[in-house]
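A quick write-up on the structure given underneath.
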Amino acid sequence: MTAMATRIPQEFIDEVTSKTNIVDVISKYVQLKKSGKNLFGLCPFHEERTPSFSIAEDKQIFHCFSCGRGGNVYKFIMEMENKSFPEAVIEVAQMGNISVPDQYESKNTQYENSDSRTLLKMYADAAKLYSHILMKTENGTQALKYLNDRDLGDDLIDTFGIGYAPNNNNLLLQFFKDRDISEDVLRKSGLFAENQEGELFDRFRDRVMIPITDESGNIIAFSGRILDKEASTAKYLNSPETPIFNKGKTLFNLNNAKREIREKSNVILFEGFMDVISAYKAGVTNGVASMGTSLTDQQLYVLSRLTDKINVCYDGDDPGVEATYRALTQLTDDRFTYGVISIPDKKDPDEYIRSEGAEKFQNLTNNGVQTPISFILNYFKRNYNLNNEHDQLEFLNQSLHEIVKLQSPVEIDMYVGRVADEMQVSKEAINKELDALRRQEAIQKPANNYKDVQQKALQQVTATVKPKYNRLEKSERYLLYWAINYPEVRVNLKGDGFRFVHQDYQRIFDALLAYVEQEDINDEVNVSDFMNVLDNDDKNLLAELEMMNMPDEYSDQEIEDYINNIKNSDLESQLADINEQLKKAAVVGDNKLQLDLLKQLVEVRRILSN
Numbered sequence: 001m002t003a004m005a006t007r008i009p010q011e012f013i014d015e016v017t018s019k020t021n022i023v024d025v026i027s028k029y030v031q032l033k034k035s036g037k038n039l040f041g042l043c044p045f046h047e048e049r050t051p052s053f054s055i056a057e058d059k060q061i062f063h064c065f066s067c068g069r070g071g072n073v074y075k076f077i078m079e080m081e082n083k084s085f086p087e088a089v090i091e092v093a094q095m096g097n098i099s100v101p102d103q104y105e106s107k108n109t110q111y112e113n114s115d116s117r118t119l120l121k122m123y124a125d126a127a128k129l130y131s132h133i134l135m136k137t138e139n140g141t142q143a144l145k146y147l148n149d150r151d152l153g154d155d156l157i158d159t160f161g162i163g164y165a166p167n168n169n170n171l172l173l174q175f176f177k178d179r180d181i182s183e184d185v186l187r188k189s190g191l192f193a194e195n196q197e198g199e200l201f202d203r204f205r206d207r208v209m210i211p212i213t214d215e216s217g218n219i220i221a222f223s224g225r226i227l228d229k230e231a232s233t234a235k236y237l238n239s240p241e242t243p244i245f246n247k248g249k250t251l252f253n254l255n256n257a258k259r260e261i262r263e264k265s266n267v268i269l270f271e272g273f274m275d276v277i278s279a280y281k282a283g284v285t286n287g288v289a290s291m292g293t294s295l296t297d298q299q300l301y302v303l304s305r306l307t308d309k310i311n312v313c314y315d316g317d318d319p320g321v322e323a324t325y326r327a328l329t330q331l332t333d334d335r336f337t338y339g340v341i342s343i344p345d346k347k348d349p350d351e352y353i354r355s356e357g358a359e360k361f362q363n364l365t366n367n368g369v370q371t372p373i374s375f376i377l378n379y380f381k382r383n384y385n386l387n388n389e390h391d392q393l394e395f396l397n398q399s400l401h402e403i404v405k406l407q408s409p410v411e412i413d414m415y416v417g418r419v420a421d422e423m424q425v426s427k428e429a430i431n432k433e434l435d436a437l438r439r440q441e442a443i444q445k446p447a448n449n450y451k452d453v454q455q456k457a458l459q460q461v462t463a464t465v466k467p468k469y470n471r472l473e474k475s476e477r478y479l480l481y482w483a484i485n486y487p488e489v490r491v492n493l494k495g496d497g498f499r500f501v502h503q504d505y506q507r508i509f510d511a512l513l514a515y516v517e518q519e520d521i522n523d524e525v526n527v528s529d530f531m532n533v534l535d536n537d538d539k540n541l542l543a544e545l546e547m548m549n550m551p552d553e554y555s556d557q558e559i560e561d562y563i564n565n566i567k568n569s570d571l572e573s574q575l576a577d578i579n580e581q582l583k584k585a586a587v588v589g590d591n592k593l594q595l596d597l598l599k600q601l602v603e604v605r606r607i608l609s610n
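Going by UniProt numbering, the first residue of the sequence shown is number 1, and it counts up by one from there.
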């Protein structure tokens, strides 16, 4: 996260640009669907229900019609991963397996002033230290044996960056004090706790350290697992929230799992970090774990950009089944369909993989996915003695309350049949009970939740609404678009000494003229390349202009009209101003002023008509 050792030359940037497709990069973060000639998805920069984030593959740019962000592939990575332009170029190169000369690689030699950057650097360094202790020192021997006993080899340890924090109160503290990190930043980092005297000491001691990364792969927290099962302290100790770690937004392993989630069109939600790692080892690499019991709205939003199916795979023992049932009652977001992967023989995923093998586990996750209703009916069945009449009625009542939520007639018929078989009664009798329940719910339910309907309508409108521009600004936008895309238009404007009224458009036009001169461009401008010389706001505006629905060709008359509209805008505003003053003069009855203003009005109209 620091500046490059050497300034990246334009030739290397050009090479990366020519070998990169923006769609390949952005699709690692956003689920994209073709609509017309562009691709659309949910914007990764803000929460939305209706996709308004668009990519023009032919121009290699993106634009969100809702929040206004836009730019090329480097701007996307800069915004998404909080990186500088040179860092974004390196990141894009690495994504495309383009070899990066050593002198351009990021040299993490110093801490920067920004707290967040400093903390990211501290976590990266702490992870390296813990990894070194685990793999290369005698201190790590016992922890390494624990991991090897769980079938975690060196490759997997390396993939997840696993390390070991020894039983030492100030190993890490001294490490950072030697690097002159201020007390204030040490306290903010979450890597230390303090005693009653207010003195800091290492938070993690005698624990296997599992780094927690953000969606971009930056280490932002740790989960430390105790080695001694008999110890009275908690089995897992997680980092507290810090300026870089918000547990409600974070999903363990999302960075590693993104590609597979998109390719398999589903994500597997595991209970614990070690389950995710064991599954990964067994070749099931689309797994994540939340930082708490249930998924938050923010975590669901992140997942909704990648997939619309969530499969829950918790432990197969009684607490695991209870946790699965709770999870299903909380997973009500209608952007997703849900499934359950039940681990047989009351095992957890890790135990099942070790006893049955990777292939059987892969088969279970691919072909053993139950529907939520199927799991829930089994769950109810566990809790009732179906030889007892009272329990039978309770089982029926609870089952019907679940079946009534289903939409598909085929599904309803299937599960009605299943309950009928369980209870040894006719399907007709159960369907009558189901009809009675539907009528009862219809009476209790308000005719329509007006507020929800209004909210949905508003969301649809705001996702597609276009800002209103007056005649002047429309002329400026269209004229600038043609000047960027057709060299003869910009040459004419430059020769005419033309100026835009709004500074934003003039600034882009000035940058355009300087860019084509410097690059010696005499034909159409590559918009994606041109963006590299603009600041963020201008990149957003340019992306917005380029995403306008424009014809392939312009007419000379059209260009002339735009130029006249812009040149006359001063006169038109004068006209509006004189009319306003005339109204005021008439109200106070100032005849002399009215006469003067009328003369001015005639003169301005004469100039305009010419």
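For glycine and all other residues, C-beta sits at the position ideal for the given N, C-alpha and C.
These figures come from a predicted structure and were not determined experimentally.
Residue i, DSSP secondary structure in three states
i: H401; result: helix
i: K33; result: strand
i: A234; result: coil
i: M209; result: strand
i: F380; result: helix
i: F192; result: strand
i: A543; result: helix
i: N579; result: helix
i: V461; result: Interpretation of V461 is limited by its pLDDT of 46, a score under 50 that renders its predicted location unreliable; no figure is taken from the coordinates.
i: V288; result: strand
i: L186; result: helix
i: Y146; result: helix
i: Y301; result: helix
i: M4; result: With a pLDDT of only 44 at M4, under the threshold of 50, the placement of this residue in the model should not be trusted, and no figure is reported.
Residue j beta carbon less than 8 Å from that of residue i
i: G163; j: Y130; result: yes
i: Y384; j: F375; result: no
i: D202; j: L171; result: yes
i: K258; j: K28; result: yes
i: A165; j: F192; result: no
i: I210; j: L119; result: no
i: N431; j: V416; result: yes
i: R225; j: V208; result: yes
i: F40; j: C67; result: no
i: I566; j: L480; result: no
i: R438; j: V410; result: no
i: D315; j: I343; result: yes
N-terminal and C-terminal residue of the alpha helix (DSSP H) that residue i is part of
i: H132; result: D115 to K136
i: F509; result: Q503 to E519
i: Y280; result: F273 to K281
i: F175; result: L171 to K177
Straight-line Cα distance separating residue j from residue i
i: K264; j: A358; result: 18 Å
i: E57; j: M548; result: 14 Å
i: V527; j: S239; result: 44 Å
i: N540; j: L571; result: 30 Å
i: R150; j: A420; result: 45 Å
i: D350; j: I61; result: 43 Å
i: L513; j: L269; result: 53 Å
i: I412; j: G339; result: 17 Å
i: residue 611; j: N286; result: Since the first and last residues shown for the chain are 1 and 610, residue 611 lies out of range.
i: E194; j: E138; result: 28 Å
i: S290; j: N256; result: 15 Å
i: I559; j: F509; result: 16 Å
i: D308; j: H132; result: 39 Å
i: P86; j: N536; result: 15 Å
i: L598; j: A586; result: 12 Å
Beta strand (DSSP E) segment containing residue i, residue limits
i: F204; result: Element bounds for F204: n/a, residue is neither H nor E.
i: I268; result: V267 to F270
i: residue 612; result: There is no way to answer for residue 612, as the model of the chain reaches only from 1 to 610.
i: T324; result: Taken as a continuous stretch (DSSP letters only), T324 belongs to no beta strand (DSSP E), being part of the alpha helix (DSSP H) at D318 to Q330.
i: L39; result: N38 to G41
i: Y338; result: T337 to I341
i: Y164; result: G163 to A165
Buried or exposed by the 16-neighbour rule on C-beta atoms within 10 Å, applied to residue i
i: K583; result: exposed
i: K281; result: buried
i: R262; result: buried
i: D520; result: exposed
i: G589; result: exposed
i: S18; result: exposed
i: S555; result: exposed
i: P319; result: exposed
i: T332; result: exposed
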